[in-house]
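Visitor: For the sequence shown, position 362 matches number 393 in our numbering, and the numbering has no gaps at all.
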Amino acid sequence: MQHPLDISSDHLCQRLQQVLDGMDDEVTPDVALAVERLCLSVARESASAAGPRVAVALADIQADLPTLVAALLADPALGESGVSPPAPSMLGQNGKRDVQRLIEAIERLRGWEARYPEPQAEGQREYWRRLLLAGARDARAVLIDLAYRLEGMRALGDEPDEARRRRFAGMTLAVHAPIAHRLGLGQIKWELEDLAFRHLEPNTYVEIARLLDERRTSRESYLVQVEQKLNHALLQAGIRAEVYGRPKHIYSIWGKMRRKQLSFEGLFDVRALRVQVDSVTDCYAALSVVHELFRPIPSEYDDYIARPKPNGYQSLHTAVHADEDKVVEIQIRTERMHAFAEFGVAAHWRYKAGGGSANPFDMQVEALRRGLSRGEIRPLAAPMVYAFTPNGELVELPAGATVLDFAYRIHTHLGHRCRGAKINGHITPLKTEVANGDTVEVLTNKEPAPSREWAHAKSGFLRSASSRAKVRNWFAQFDREDARERGRLICERLYRRFSMDAPARRQLLEALGVNSEDQLFLAVGHHRIAPETLQAAARGQLGAAADRSARPPREETPAGEPLPEPPGGRSLVIENQSIDGLKVIPAKCCNPQPGERVMAFLSRSQGYKLHRPDCRNLAHLAGQYPERVLPVEWPD
């Protein structure tokens, strides 16, 4: 068979013309001629142009005209050639716009592919597959990209740089072949895998190819014998069928050897036949004939018609002990099933009815296939977007996610410290939405500084519910620590004021019904235990005498008389103009001087204010807030 690379440009144009002539009536002779001339001009513009071969391959599966034109014009070998599409009068304005959108999508995909870093983690490889599917927005762009990838793999042997060869083959095997598989493009998938395997594992590839070649003659003659026997039995049963040998692919053989830990000799499905019939009913009838003619292996039977594979693939698989007790694998399918297995999504252009089951891989693939099965080409509204970190890793985010979502997706602490971001090198606000393929660099503060507003969905800062939950958790923890500290200060002042030792504190905890001092600090800080309750419990533990010595009744403290000292005569000491880390300010009303006897009042915002004991303002404050008045001393 002649290799596609060896076909002349004139012959390619003739094939394209033949395919166009066989398409729908809407493809007029003038349009067909215009596309043929475009194909010829692309081929003659560059000897290395792959566009004509790609267009012919897509035409063979009856892709629409905008797809063929876009495939021709998207050839990277053209550069600034000036080759232009047919006039709008040929394709129509809608067709012209379709071509432009497809070319833009293909260029976008190629730009991302150039950044592929060969990630080792399967999660990153999966994100790359989803990025290309979601970023294409149109199944036709994916098909064109895969067709060009296949052309690139066929010509990869001419690339002198081994590192570039391995990188291109590595991405093909990790990203493009799985995409082809999920779209059901079996023919493209198998060739991509074999070509990539040939460059990545050349010794293993050559060894398996050698083993296949050594046994080819005996294997083929044996299969001809089984094929004739099966054909006769099907004919006797009144089933119209085509039976033929099924080619084996080197990469799939190697994969099965690894997966089942078998040697080449242990693989029985090297001998394989395919039976193609007219209907689903005939599939099961043919299966019955096969199992009557040969002894089946029950463990090797799979019904992918009743239970299609996730990518929509349908067929009956069985393995039997045939002549000479040799095992033969047999697949049974209809023509429509075969077209889907070979061309996948593209087969919908030919077969409008039916399809496979829903694809759980992602909504992107299902949307692509659903649209094509109805003959509709619509922009893809993907539920997720995929953006790059500065070091080239992909991050998965919900559609509509902001740069702040991006920061929280990478790490919670990074989100808390986020103060802005750069998208593709440009500084953007926190509410800026991330698009597929964006490179996002997070700008940070040294310390966490989230805003409570971020936690509200309507604020627009965070699209992800999990990101908003992280903000709420941070403030809950912040409020908890703040309450604990407030409660600790109040309780410690109480301890000092009432001279409470460790046993007295334990009795206080029991009286208040809490298990630890930490719980007490939180309860007081959160106002679950009021200051009055706390003081009443303290008085109850110390007795009436301690209560009177700690603080006389409010009505017994006339203005202008000195306040009594606390039990034991203990006082706080002013050190470096502060007490317990809070600053100390002399009150302007009585202006106490160093060395004089003073009392301190704890204000809410200015720390401790010092008063003389006979200050009328202090007496008034002590009547309202007795727990906030403490005796203090100047340092010696």
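For glycine and all other residues, C-beta sits at the position ideal for the given N, C-alpha and C.
Going straight from the alpha carbon of Arg647 to that of Cys621, what length do you get?
Guide: 9 Å
Visitor: Do Ser346 and Ala372 have their C-beta atoms within less than 8 Å of each other?
Guide: yes
Visitor: Kindly list the residues whose CB is nearer than 7 Å to the CB of Arg582, restricted to its own chain and excluding five residues on each side of it in sequence; keep chain order.
Guide: Unreliable placement is indicated for Arg582, whose pLDDT of 48 sits below 50; no coordinate value is reported for it.
Visitor: Roughly how many angstroms separate the alpha carbons of Leu187 and Pro150, rounded to a whole number?
Guide: 21 Å
Visitor: Hey, would you say Leu318 sits closer than 8 Å to Ile363, going by beta carbons?
Guide: yes
Visitor: Count Cβ pairs between the stretch 267-283 and the stretch 213-226 that sit closer than 8 Å; are there 3 or more?
Guide: Cβ pair count under 8 Å is three or more, so yes.
Visitor: To which residues does DSSP link Phe632 through a beta bridge?
Guide: Lys640 and Val660
Visitor: Assign Leu140 to buried or exposed, taking buried as 16 or more other Cβ atoms, counted over all protein chains shown, within 10 Å of its Cβ.
Guide: Buried: at least 16 other Cβ atoms inside 10 Å.
Visitor: The alpha helix (DSSP H) that contains Val320, what's its start and end?
Guide: Val311 to Leu324
Visitor: By the three-class DSSP mapping on this structure, what secondary structure does Thr25 have?
Guide: This structure cannot speak to residue 25, because the chain is shown only from 32 to 667.
Visitor: Tell me the residue span of the alpha helix (DSSP H) that contains Lys501.
Guide: Ala496 to Arg528
Visitor: Once DSSP output is grouped into helix, strand and coil, what is the label at Tyr335?
Guide: coil
Visitor: Out of Ala554, Glu627, Arg171 and Tyr639, point me to the one whose CA is closest to Gln608's CA.
Guide: Tyr639
Visitor: In the structure shown, what three-state DSSP assignment does Gln155 receive?
Guide: helix
Visitor: Bridge partners of Gly451, per DSSP?
Guide: Leu474
Visitor: Which residue wins for smallest C-alpha separation from Ala432, given the options Arg628, Pro414, Gln131 and Asp106?
Guide: Pro414
Visitor: Does Ala507 pass the burial test, meaning 16 or more other C-beta atoms within 10 Å, or should it be called exposed?
Guide: Counting Cβ neighbours within 10 Å, Ala507 comes out exposed, since fewer than 16 surround it.
Visitor: Let me know the secondary structure DSSP gives Glu424 once reduced to three states.
Guide: coil
Visitor: Could you work out which residue in Leu177, Ala240 and Tyr147 is closest to Arg195 when comparing CA atoms only?
Guide: Tyr147
Visitor: Can you give me the start and stop residues for the beta strand (DSSP E) that Arg305 sits inside?
Guide: Ala303 to Val308
Visitor: Return the CA-CA distance between Pro623 and Arg517, expressed in angstroms with no decimal places.
Guide: 28 Å
Visitor: Any chance the stretch 230-237 sits against the stretch 333-345, with 3 or more Cβ pairs inside 8 Å?
Guide: no
Visitor: So that I know if they touch, is there some Cβ in chain D lying closer than 8 Å to that of Pro644?
Guide: No chain D appears in the structure shown, which is made up of a single protein chain.
Visitor: So for Val206, helix, strand or coil by DSSP?
Guide: In the structure shown, Val206 sits in a helix (DSSP, three-state: H, G or I).
Visitor: Using only the alpha-carbon positions, how far apart do Glu251 and Val359 sit?
Guide: Roughly 12 Å between the two C-alpha positions.
Visitor: Output the distance between the C-alpha atoms of Arg483 and Ile560, rounded to the nearest integer angstrom.
Guide: 26 Å
Visitor: Give the single residue among Gly154, Arg160, Thr203 and Asp192 whose Cα lies nearest to the Cα of Ala178.
Guide: Thr203
Visitor: With a CB to CB cut of under 8 Å and the five nearest residues on each side skipped, what residues in its chain are close to Arg241?
Guide: none
Visitor: Take His487 as the anchor and find which of Lys477, Thr365 and Arg499 has the nearest alpha-carbon.
Guide: Checking every option, the nearest Cα to that of His487 belongs to Arg499.
Visitor: Around the Cβ of Lys614, are there at least 16 other Cβ atoms within 10 angstroms (buried) or fewer (exposed)?
Guide: exposed
Visitor: Please confirm if the stretch 458-475 is in contact with the stretch 419-428, defined as three or more CB-CB distances below 8 Å between the two stretches.
Guide: yes
Visitor: What did DSSP end up calling Ser609 once you bin it into helix, strand or coil?
Guide: In this structure, Ser609 counts as strand in the three-state DSSP scheme.
Visitor: When DSSP labels each residue in this structure, what does Glu149 get in the three-state scheme?
Guide: coil
Visitor: Compute every distance between the C-beta of Glu664 and the non-hydrogen atoms of the ligand ATP, then say whether any falls below 7 Å.
Guide: In the structure shown, the ligand ATP is absent, as is every other ligand, since no ligand is present at all.
Visitor: From which residue to which residue does the alpha helix (DSSP H) around Arg185 run?
Guide: Looking at the DSSP string, the run of the alpha helix (DSSP H) that includes Arg185 is Ala170 to Arg185.
Visitor: Assuming the contact rule is C-beta atoms closer than 8 Å, Leu425 and Arg440 should be a hit. Round their C-beta distance to whole Å, please.
Guide: In fact, because the Cβ distance is near 11 Å, the residues do not count as touching under 8 Å.
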